[in-house]
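Working notes, structure below.
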Amino acid sequence: MKWSVFQLNRYRDTGININETVDVSDLMERESQIKKIDPVTVTGRGDIGAGKITFQLHITGEMILPCSRTLEDVEYPLDIHTVETFLLSDNASMYEDEDIHSIDGETLDLLPYVKENILLEVPLQIFKENIEEGQETEAPPKGNDWELISENEKPKQLDPRLAELAKFFDKN
1 MKWSVFQLNR YRDTGININE TVDVSDLMER ESQIKKIDPV TVTGRGDIGA
51 GKITFQLHIT GEMILPCSRT LEDVEYPLDI HTVETFLLSD NASMYEDEDI
101 HSIDGETLDL LPYVKENILL EVPLQIFKEN IEEGQETEAP PKGNDWELIS
151 ENEKPKQLDP RLAELAKFFD KN
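full-length UniProt numbering applies: residue 1 is where the sequence shown begins, and numbers increase by one.
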């Protein structure tokens with residue numbers, strides 16, 4: 001999904017069709033919530049107009065995220081529709097109000113924009129559905145260097161400043 005400006009100009013009359021599967025597994029390093037991500041399919045069309053290129057993209061795939069409640073793996077499907085517009089010249093001042101990208105150098109690479117759209121789709125919270133019978137639905141009771149206890153289970157500790165008062169009731 002990388003083209004030079006010269007290559008794109010050859011598609012001025014016909015447009016460019018996109019149907020590619022790309023590996024975006026490096027997103028797992030950038031976003032700690034993503035445990036696994038399969039290669040995504042990018043389909044769409046690019047229309048070259050007067051000084052700009054508009055890509056209408058459809059990104060599909062699947063990633064695995066942790067459940068916000070139980071930390072179990074949850075399959076999260078991706079189905080993203082996006083429009084990305086790029087300027088062929090440096091007339092960015094004409095389009096200040098619009099979301100338009102400029103082309104760096106002589107090549108246009110769509111992959112960073114595909115990755116950006118995937119990262120924007122990662123939800124803040126996700127919950128596992130279809131919990132099997134007998135399976136716990138609560139958070140795990142303990143983990144590395146921590147344990148969840150209720151106030152009833154909490155051992156009663158006497159405040160050392162009041163230790164002398166505790167001895168007062170023992171004399172009677």
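From the three backbone atoms N, C-alpha and C, an ideal C-beta is built for every residue, glycine too.
Asked: State the start and end residues of the unbroken alpha helix (DSSP H) segment that holds Glu121.; Found: 111-121
Asked: Roughly how many whole angstroms lie between the Cα atoms of Gln157 and Tyr113?; Found: 57 Å
Asked: Name, in chain order, the residues that DSSP records as bridge partners for Lys35.; Found: DSSP, once it has assigned bridges, lists no residue as partnering Lys35.
Asked: Between the C-alpha atoms of Val24 and Pro160, what's the straight-line distance to the nearest angstrom?; Found: 57 Å
Asked: Taking the Cβ atom as the reference point for each residue, do Gly44 and Ile80 lie within a distance shorter than 7 Å?; Found: no
Asked: Mark Phe86 as exposed unless 16 or more other C-beta atoms lie within 10 angstroms of its C-beta, in which case mark it buried.; Found: buried
Asked: Quick one: what's got a C-beta closer than 6 Å to His58's C-beta in the same chain, skipping five residues either side?; Found: Thr43, Gly44, His81
Asked: Whose C-beta lies closer than 8 Å to the C-beta of Pro123 among residues of the same chain, with five residues either side of it excluded?; Found: Leu65, Tyr76
Asked: Hey, out of Lys52, Gln33, Asn144, Glu72, whose CA is closest to Val83's CA?; Found: Lys52
Asked: Grab the span of the alpha helix (DSSP H) containing Glu29 for me, first residue to last.; Found: 27-30
Asked: Would DSSP call Phe127 helix, strand or coil?; Found: coil
Asked: Roughly how far, in whole angstroms, is the beta-carbon of Thr41 from the beta-carbon of Gly61, given that I think they are within contact range, below 8 Å?; Found: 6 Å
Asked: The alpha helix (DSSP H) that contains Asn152, what's its start and end?; Found: It is not in any alpha helix (DSSP H) - Asn152 carries neither H nor E in the DSSP assignment.
Asked: Determine whether the beta carbon atoms of Lys128 and Glu72 lie at a separation below 7 Å.; Found: yes
Asked: With distances taken from CA atoms, which of Gly49, Glu20, Lys167 is nearest Tyr11?; Found: Gly49
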